[in-house]
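Asker: In this note's numbering, the protein residues as written are 61 to 591.
Backbone N, C-alpha and C fix where the C-beta goes; we use that ideal spot for every residue, glycine too.
I have a structure I would like to understand better, so I am pasting it below and will then ask my questions one at a time.
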Ligand code: AHR
């Protein structure tokens, strides 16, 4: 009988003749080489998104009638949880909402603001919260606002006027209007996206790629002539449903807008509709495959682009999350729309997305978890309190720790294959082959290594040798783990089952650390590595 050797365990093999032979199995390996770098991590990958949708704005970040709110009407408990995430940049006001939104409805004296029928999510929009309230929120919470213009029902002149209102100091009508509204200084909004998901038939004013690029190019012209320092994000692919052609969309956008845009926005939502854990935790690989595909398309168009003194086009994953439970029918419309409740496996998928952003740090320069509060969100409220959903914790760990140079890490561990499966709604993935149980990224900054490891294995710890190729570990390495009692464990008001736990530090010397990553966990290890 042949001997079998598996990694990460002591294996006892019984031979027919009755002898028992014990073999020490080989550990998994992660090799760190400080010379193998990918690129600099952009702080804007720790972004979020606020849309006029369900209870994200009203009853989420903004609740002027609540005792829990400050003088500006902002929920203090929510603001403190938002600050814990250290969001760098937050996209506003949509999403699908923006494609039937006129920004002028949301500025000026509140008593004069007109309620409007909102057709993306079928609600009445009161317009009590708008541009200036959001900018005020951004100042108090400490992030940079990022606006999306209406390329659906809106005109290019409306978009231009909004840029003037926000960014021009004085003189023309809309700059003066802002001053009249109580904001003498311009808001200096740097990031503007040219519409939202214009490839989706669900979008108000949906267009084909050719029509979108014509409109977006002219909008870009007017917007940049009004405020030359702005950065523009084009609406890349979001539609992967049967019959859609996301590659054609992205290629057209990149070819036609290559001289004017700074980012191409991509969106992804994944889910576990078949309750297949291993399929689901492999979904970050789909994001990574799409990233690499679009990176190739960018490389092609950059060969004959005319963009003197500008960076190449980057990718902004400006909507990403798990979303499949509250995605249809009543759960997807009205005041309580999209109130997805998350569990541990969702948090592992988010950890995988964040790892994928780091592994593609050369091209992914912005990412926005969709959304911030209540609506497919890491923070969840009722009238009296709030709690942090499971997906809060990996984002918090990354946004507070993972900066500097992304390293190209070597990983050797056991793998598995998936079948073709549903990604969430009506999108199907290709089969994912050789999915490593360990999903890893690493950064190096100021002599410190931060290692981020998802153990996708549902039942087994994976004992791993972390090997430095170019330097020595020293001192105490902190270990933080996101985990919970089981893959379906959820948090609730006053019940935090899935969270970050500080583990005993590892004392490291030399060039090897051995650590056993627990099943269904995300672990961040941080400490000194000197050349
Ligand atoms: O984030 C929820 C919705 O998802 C957004 O409004 C839209 O852009 C996407 O389809």
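Of all the alpha helix (DSSP H) runs that stay within the bounds of the stretch 398–454, which reach a length of 4 or more residues?
Answerer: Runs found: 404–419.
Asker: So for residue 94, helix, strand or coil by DSSP?
Answerer: In this structure, residue 94 counts as coil in the three-state DSSP scheme.
Asker: Just to confirm my understanding: we take residue 290, look at its own chain, exclude 5 residues before and 5 after, and list those with CB closer than 8 Å. What are they?
Answerer: Within the same chain, residue 290 has close Cβ partners 223, 227, 249, 250, 251, 252, 283, 284.
Asker: By Cβ distance below 8 Å, which residues in the same chain neighbour residue 175 in space, the five residues on each side in sequence not counted?
Answerer: Taken in chain order, the residues that qualify are 184, 185, 186, 187.
Asker: Pull up the CB-CB distance for residue 89 and residue 524, whole angstroms please, since I reckon it's below 8 Å.
Answerer: Indeed, because the Cβ distance is near 7 Å, the residues count as touching under 8 Å.
Asker: Note down, in chain order, each residue of its chain lying with its Cβ closer than 7 Å to the Cβ of residue 503, except the 5 sequence neighbours on either side.
Answerer: Taken in chain order, the residues that qualify are 101, 418, 462, 463, 464, 465, 466, 467, 510.
Asker: In chain order, what residues of the same chain lie with their CB nearer than 7 Å to the CB of residue 587, ignoring the 5 residues before and after it?
Answerer: Closer than 7 Å at the Cβ level, and outside the excluded window around residue 587, lie 508, 509, 533, 535, 536, 537, 538, 568.
Asker: CB-CB under 8 Å to residue 578, same chain, minus the five flanking residues each way: which ones, in chain order?
Answerer: So the list reads 515, 521, 541, 543, once near-sequence residues are dropped.
Asker: When you compare the CB positions of residue 209 and residue 198, do they come within less than 8 Å of one another, or not?
Answerer: Not closer than 8 Å, so no.
Asker: Report yes or no: do the stretch 491–503 and the stretch 358–375 share at least 3 C-beta pairs separated by less than 8 Å?
Answerer: Judged by Cβ distances under 8 Å, the stretch 491–503 makes no contact with the stretch 358–375, as fewer than three pairs qualify.
Asker: For residue 571, name the three-state secondary structure that DSSP assigns.
Answerer: Of the three classes helix, strand and coil, the one that applies to residue 571 here is coil, per DSSP.
Asker: Kindly indicate which residue of 157, 196, 126, 221 has the alpha-carbon position closest to the one of residue 257.
Answerer: With distances taken between Cα atoms, residue 257 lies closest to 157.
Asker: Could you tell me the alpha carbon to alpha carbon distance between residue 117 and residue 406, rounded to whole angstroms?
Answerer: About 23 Å.
Asker: Grab me the residues of residue 99's own chain with a C-beta within less than 7 Å of its C-beta, minus the 5 sequence neighbours each way, in chain order.
Answerer: Hits under 7 Å: 421, 422, 466.
Asker: Determine the DSSP secondary structure at residue 592, reduced to helix, strand or coil.
Answerer: Any property of residue 592 remains undetermined from this structure, which presents the chain solely from 61 to 591.
Asker: In chain order, what are the residue ranges of uninterrupted alpha helix (DSSP H) at least 4 long that sit wholly in the stretch 171–254?
Answerer: The stretch 171–254 contains these whole alpha helix (DSSP H) runs: 191–201, 216–227, 233–240.
Asker: Answer yes or no: the CB of residue 434 versus the heavy atoms of the ligand AHR, is any distance below 7 Å?
Answerer: Residue 434 Cβ: outside cutoff for every heavy atom of the ligand AHR.
Asker: Would you mind sorting residue 166 into buried or exposed? The rule is 16 or more other CB atoms within 10 Å of its CB.
Answerer: Flag for residue 166 reads buried.
Asker: Does the Cβ-Cβ distance between residue 414 and residue 438 come in under 8 Å?
Answerer: No, they are not a contact pair.
Asker: With hydrogens ignored, establish whether the beta-carbon of residue 157 is closer than 7 Å to any heavy atom of the ligand ZN.
Answerer: Among the ligands present in this structure, namely the ligand AHR, the ligand ZN is not found.
Asker: Return the chain-ordered list of same chain residues with a C-beta closer than 7 Å to the C-beta of residue 493, the five sequence neighbours on each side being excluded.
Answerer: Once the five neighbours on either side are set aside, the close Cβ partners of residue 493 are 477.
Asker: With H, G and I counted as helix, E and B as strand and the rest as coil, what does DSSP make of residue 393?
Answerer: Three-state DSSP puts residue 393 in coil, outside helix and strand.
Asker: Using 8 Å for Cβ pairs, my map puts residue 138 next to residue 429. What's the rounded Cβ distance?
Answerer: 15 Å between Cβ atoms; not a contact.
Asker: Sort out for me which residues DSSP pairs residue 311 with in a bridge.
Answerer: Residue 311 is not bridged to any residue.
Asker: So what does DSSP say about residue 468, is it helix, strand or coil?
Answerer: It is coil, neither helix nor strand.
Asker: Does the distance between the C-beta of residue 111 and the nearest non-hydrogen atom of the ligand AHR fall short of 7 Å?
Answerer: The answer is yes for residue 111.
Asker: Please find out if some non-hydrogen atom of the ligand AHR comes closer than 7 Å to the beta-carbon of residue 327.
Answerer: For the ligand AHR, at least one heavy atom lies less than 7 Å from the Cβ of residue 327.
Asker: Taking the beta carbon of residue 212 as the centre, do at least 16 other beta carbons fall within 10 Å, making it buried, or is it exposed?
Answerer: Residue 212 should be labelled buried.
Asker: Starting from residue 351, follow the alpha helix (DSSP H) in both directions and report where the run begins and ends.
Answerer: It spans 344–362 - the alpha helix (DSSP H) in which residue 351 sits, taken as one unbroken run.
Asker: One question on the structure: do residue 126 and residue 135 come within less than 8 Å of each other, judged by their Cβ atoms?
Answerer: Yes, the pair counts as a contact, with Cβ atoms nearer than the cut-off.
Asker: Flag this pair as yes or no: are the beta carbons of residue 350 and residue 486 separated by less than 8 Å?
Answerer: Cβ distance not < 8 Å, so residue 350 and residue 486 don't count as in contact.
Asker: Can you have a look at residue 362 and say buried or exposed, based on whether 16 or more other CB atoms are within 10 angstroms of its CB?
Answerer: Per the 10 Å Cβ criterion, exposed.
Asker: For the ligand AHR, any of its heavy atoms closer than 7 Å to the Cβ of residue 428?
Answerer: The answer is no for residue 428.
Asker: Identify whether residue 101 lies in helix, strand or coil by the three-state DSSP scheme.
Answerer: Residue state, collapsed to three classes: coil.
Asker: Counting only the same chain and skipping the five closest in sequence on each side, list residues whose C-beta sits under 6 Å from that of residue 133.
Answerer: Within the same chain, residue 133 has close Cβ partners 122, 124.
Asker: Taking contact to mean 3 or more Cβ pairs, one atom from each stretch, closer than 8 Å, check whether the stretch 371–391 and the stretch 316–323 are in contact.
Answerer: Output reads yes: the stretch 316–323 touches the stretch 371–391.
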